[in-house]
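Novice: Sequential numbering from 40 applies to the sequence shown in the working numbering. The beta-carbon is built from N, C-alpha and C at its ideal position, and this holds for glycine as well.
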Amino acid sequence: MAELFRQLPPAAFVSTPLTCSRGWTRGMPPPPSVGALLFASYKTYIGTPWERPSSTKHRLLTGSFSKNFFKRKFLLRTSLKASAVPIEENALFEEANTPSVPTESEDATVREYVSALEESGEPHVAIVQSDSQVLDNGLGKSNSKSRRELFLRDSGSTTVAVHGGEQKRQGKKARAILDAITMPIVQSSTFTFRSSSDCIAYNQGQYDSFEYGRYGNPTTRAAEEKIMMLEEAEDALLSASGMNSVTTMLLALLSPNECLVTTRDCYRRTRQFLQTILPRMNIQTIVVDPADTASVEAALKRGARLFFSEMPTNPLIRVIDAESIIQLCRRYGTICCIDSTFATAYNLKPLCMGADLVLHSGTKYLGGHNDLMCGVLAGKKEFLEKIRSLHGILGGVVDPHSSYLLLRGMKTLPLRMRAHNENAAALAQVLSQHPKIAKVHYPSLSSHPDYSVAKTQFKNGFGGVLSFEIRGDPFGMETFAAGIRFVDGLSIPHIGPSLGGVESLVEQVCVMGYFDQPQRVRRELGITNGLIRFSCGVEDKTDLLNDVLQALEAV
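1. Identify, in the order they occur along the chain, each residue of the same chain with its Cβ nearer than 7 Å to the Cβ of residue 259, setting aside the five sequence neighbours on each side.
2. Could you tell me which whole beta strand (DSSP E) segments of length 3 or greater appear in the region 391-431?
3. Could you check the C-alpha separation between residue 283 and residue 391 for me, to the nearest Å?
4. Can you list the alpha helix (DSSP H) stretches of 4 or more residues lying completely in the region 217-300, in chain order?
5. Would you check if the distance between the CB atom of residue 567 and the CB atom of residue 514 is smaller than 8 Å?
6. So residue 549 is in the alpha helix (DSSP H); what residue range does that whole segment cover?
7. May I ask which residues mark the beginning and end of the alpha helix (DSSP H) holding residue 525?
8. Please state whether DSSP places residue 364 in a helix, a strand or coil.
9. Report buried or exposed for residue 378, applying the criterion of at least 16 other Cβ atoms within 10 angstroms of its Cβ.
10. On the CB-based measure, 16 or more other CB atoms within 10 Å of its CB, does residue 547 come out buried or exposed?
11. Grouping DSSP H, G and I as helix and E and B as strand, with all else coil, what is residue 140?
12. State the Cα-Cα distance for the pair residue 387 and residue 312, rounded to the nearest angstrom.
13. Where DSSP assigns a beta bridge to residue 375, which residues make up the other side?
14. Going by DSSP, name the residue or residues bridged to residue 573.
15. CA-CA distance, residue 241 and residue 508?
16. By DSSP, does residue 579 sit in helix, in strand, or in coil?
17. Should residue 152 be labelled buried (16 or more other beta-carbon atoms within 10 Å of its own) or exposed?
18. Can you say whether residue 421 is buried or exposed, counting buried as having 16 or more other CB atoms within 10 angstroms of its CB?
19. Identify, in the order they occur along the chain, each residue of the same chain with its Cβ nearer than 6 Å to the Cβ of residue 323, setting aside the five sequence neighbours on each side.
20. Are the CB atoms of residue 533 and residue 502 nearer to each other than 8 Å?
21. Reducing DSSP to helix, strand and coil, say where residue 558 ends up.
22. What span of residues does the beta strand (DSSP E) with residue 477 cover, start to end?
23. Which of helix, strand or coil does DSSP assign to residue 492?
24. Can you grab the Cα-Cα spacing for the pair residue 262 / residue 148, in whole Å?
25. If you follow the alpha helix (DSSP H) that residue 197 is part of, which residue opens it and which one closes it?
26. Could you tell me if the beta carbon of residue 565 falls within a distance shorter than 7 Å of some heavy atom in the ligand FMN?
27. Please classify residue 323: does DSSP put it in a helix, a strand, or coil?
28. So what does DSSP say about residue 302, is it helix, strand or coil?
29. Going by the CB atoms, is the gap between residue 580 and residue 465 shorter than 8 Å?
30. Looking at C-alpha atoms only, which residue of 402, 592, 228, 394 is the closest neighbour of residue 448?
31. Which of helix, strand or coil does DSSP assign to residue 533?
32. Between which two residues does the alpha helix (DSSP H) containing residue 186 stretch?
33. Since residue 583 contacts residue 530 with CB under 8 Å, what's their CB separation in whole angstroms?
In structure tokens form, the structure reads like this:
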């Protein structure tokens, strides 16, 4: 067998065949062994049997045949990209010596078509070569834009969600190297340089690459670029969670003795950070009603450094007059950051309204499947650079696998948001007419305090989250018990925190998020005993409505 290996040409050990009319093709696995390679070659390509004193099987196993066998009976043709291909005895000559076949002939293959195009100077056949020049191993810096990128600039939100960010054919992402239709997971903590000059060029901003996982990752950057396209942002930054994005943004943009303005209704952990952590840095927080634009202006006049609000807010689904507030922020030189987690870019684009930054908990609608945690910041480069610098120090880095899941989730964002919007609006309408419901918090209803403002600012809908209150004493025990009976009586929604996934989620707010808060605090915040937050998934609308109605029978 050793003699057999010595007699084989080097090409026999290349991995996958390039082309073969009767054998293997590129993309198929190579033969399992050298013996199998010889046997298949003999069976397929040797037309004349040789003299064999013993069986073919015996000769293949022992290598007891002449060197002439290799020379006369078959050769192994190689290619730069793929491997050895057995060819027939009548094709032993150089390809250049093979007479060309006219393209109009029935014997013409695509190879003849390509050759004809090359000779005519058609630009199409130069695409592969130009790609390899532009790619520079996927790491070289290039300002050229592909046809796909240029087309996406004016495409609709669904097209951008599917193709944006990860379809580049140059730049520093692994997509350019592997040419996969789905952005690969680059699970690496460290990225190396080919030379010291490359490292120096990288530090001088002349070489577009990665260095260390805390400062960036190809998969994560692809997700950031998709977000940039969806939000129409100059830059974007992913972090480990929505709260990490909130806290890093606040710490990066605020200094001691400065103040910020925020709304009373907001996520409780954000409020906790504003009330307990920022005061240690001597940073003051001014709290206003979401609809009180006059109070916002008064606070901005006092020199507030930052305005920060959710839109819509959590859990009472209030809507600020963003256009008016953004104009005020410009007038007084205040940074404006909008948390658009509940809306997403499908329904609302704060940056297009003039905001400086937009923030998301990517865990929610952007991911969309309750299987990842990440935070998102997008907006102006001048602010993102400051935040990114601190982010590299604090180390709240999103894992590449979560970035991959986020990319996958965002591809279907518009499709899912249509279902979320439709289900929530239908449920809000039904509940607003139900005798056991005292109040419904959802901007599509004319009874909502921010209805007029909301309908002018949201383009496709108001998101999939609504909240409503069971009728009764807002802070009475019977109302509390009725809320529990309702939640426990549901069949489709799961009881749990979070929102934005394809599955519906429900929670009694005082139980899930304010369990240890005294009544006086909950009363001030509007968290009544019967307040229910309902995150509509993408289930059939009729099924959700029927389930809610049957659960209300137990109230």
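Specialist: The relevant details are as follows:
1. 277, 437, 439, 442
2. 396-400, 414-418
3. 24 Å
4. 235-242, 257-270, 281-292
5. yes
6. 548-551
7. 516-528
8. helix
9. buried
10. buried
11. coil
12. 26 Å
13. 346
14. 505, 545
15. 57 Å
16. coil
17. exposed
18. exposed
19. 298
20. no
21. helix
22. 476-480
23. helix
24. 41 Å
25. 196-202
26. Only the bare structure without any ligand can be found here, which leaves the ligand FMN out of the picture.
27. strand
28. strand
29. yes
30. 402
31. strand
32. 186-191
33. So it is not a contact: roughly 10 Å between Cβ atoms.
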